[in-house]
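In full-length UniProt numbering, the protein residues as written are 1 to 319. For every residue, glycine included, the Cβ atom is placed at its ideal position computed from N, Cα and C. Note that this is a predicted model, so its numbers are computed, not measured. Take a look at the structure below.
Structure, rendered in structure tokens:
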């Protein structure tokens, strides 16, 4: 079967097309004929071995697929790697039946980015009606869903940040109250966020850049505000977190990794069912930003890292 494999760590250039034997399902596993594989920012970290969990070589990247099992079931599933291939293995517990009214792209957008956005708002930020929320990278896979969910959950003001005019317009179309351009180095960001919130500090921030953007976002929090960190796209660590700094403003910093949710009762299938229902009736509109041939996985990673994309990116293993 055709697959993408890496035999050395690095950037997009280490992603190579190879022919590999078809994987064999063990008890409790499903063999999925992959219709599409999802591309996540975490994949770019896994390929360079800079993610939360360590990578091992050789490796077929990819943590999510949608397709059909040998019995004809249409499922979307989280995988323990191996998704960038024509066939992939998934544990039965990590597979979710896909309603017919949900497209492959929508299903892939929901299983990682949708679940993440849901938990960022509900589980971590514990958002309350009327509060203000900052969504960084608001046109991205997670951000575009977080903007929509925040409005569905009764947030009073959604402040989006995005790098281009087109992305900011998309965030506004999805329900953001205001969209601003944030400098990658965080310069002036604290003041921008406060101004966008009518001169008030903000109640919650969903942050995945790290470094100075994290630091400026933390400084913009109101007393009892929560910053939820779920990525480090800049590859830079923040510097502003201190016990005194948190205590002095009654602020909280919460980390989030989706893998801690998938095996806990009520944290995987139930939110997925809600997300599917919201998508089916039109309340939620997952954004598919691009479909790349599997053979061009390196280009997908390059575009993602260069911030040229929006929404969910897919790989088509038939090409």
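query	result
Tell me which residue opens and which closes the beta strand (DSSP E) that residue 105 is part of.	Careful: residue 105 lies outside any beta strand (DSSP E), inside the alpha helix (DSSP H) at 104–109.
Contact between the stretch 279–290 and the stretch 96–116: three or more CB pairs below 8 Å?	yes
Are at least three pairs of beta-carbons, each pair with one atom in the stretch 56–68 and one in the stretch 240–257, less than 8 Å apart?	no
Is the beta carbon of residue 208 closer than 8 Å to that of residue 85?	no
Any idea which residues DSSP pairs residue 325 with across the strands?	No answer is possible for residue 325: the residues shown for the chain start at 1 and end at 319.
Sorted by chain position, which residues of the same chain lie with C-beta nearer than 6 Å to residue 43's C-beta, five sequence neighbours on each side aside?	61
In angstroms with no decimal places, state the Cα-to-Cα distance between residue 79 and residue 199.	44 Å
Extract the residue ranges of the beta strand (DSSP E) inside the stretch 225–265, only unbroken runs of 3 or more that lie entirely within it.	252–255
Which one of 81, 152, 41, 186 has the shortest CA to CA distance from residue 300?	41
Leaving out the 5 sequence neighbours to the left and right, which residues in its chain are closer than 7 Å to residue 221 when beta-carbon positions are compared?	201, 202, 205, 227, 249, 251
Determine the direct distance from the alpha carbon of residue 311 to that of residue 233, and round the result to whole angstroms.	16 Å
Just reading off the beta strand (DSSP E) that residue 136 is part of, what are its end residues?	Element bounds for residue 136: n/a, residue is neither H nor E.
Note down the Cα distance separating residue 166 from residue 136, rounded to an integer number of angstroms.	15 Å
If we call anything under 8 Å between Cβ atoms a contact, is residue 91 one with residue 28?	yes
Would you check if there are 3 or more beta carbon pairs closer than 8 Å linking the stretch 67–76 to the stretch 13–33?	yes
Cα separation between residue 49 and residue 152?	37 Å
By a C-beta neighbour count over all protein chains shown, 10 Å radius and 16 as the cutoff for buried, is residue 26 buried or exposed?	exposed
Between residue 121 and residue 146, is the Cβ-Cβ spacing less than 8 Å?	yes
Going by other Cβ atoms of all chains shown within 10 Å of its Cβ, with 16 needed for buried, is residue 239 buried or exposed?	exposed
With the cut-off set at 8 Å, would you say residue 295 and residue 14 are in Cβ contact?	no
Which parts of the stretch 184–229 are runs of the alpha helix (DSSP H), unbroken and 4 residues or longer, counting only runs that do not cross its ends?	189–196, 211–219
Since residue 118 sits in a beta bridge, which residues does DSSP pair it with?	DSSP, once it has assigned bridges, lists no residue as partnering residue 118.
Are residue 75 and residue 97 close, meaning C-beta to C-beta below 8 Å?	yes
Cβ of residue 124 within 8 Å of Cβ of residue 256?	yes
By Cβ distance, which residues of its chain are closer than 6 Å to residue 168, with the 5 residues on each side in sequence left out?	162, 179
Could you say which of 184, 194, 262 lies nearest to residue 306 if we only look at CA atoms?	184
On the DSSP bridge list, what partners appear for residue 54?	The partner list for residue 54 (beta bridge, DSSP) is empty, contrary to what the question assumes.
Kindly give me the distance between the Cβ atoms of residue 59 and residue 77, rounded to whole angstroms, as I take these residues to be in contact under 8 Å.	Rounded, the Cβ-Cβ distance is 18 Å, inconsistent with contact.
Quick one: what's residue 292 bridged to in DSSP?	315
Have a look at residue 242 and residue 149 and give me their C-alpha separation to the nearest angstrom.	31 Å
Taking 8 Å as the limit between beta carbons, can you name the residues of its chain near residue 171, skipping five residues before and five after?	135, 138, 139, 143, 144, 147, 160, 162, 179
Can you pull the DSSP bridge partners for residue 161?	180
CB-CB under 7 Å to residue 113, same chain, minus the five flanking residues each way: which ones, in chain order?	141, 142, 145, 312
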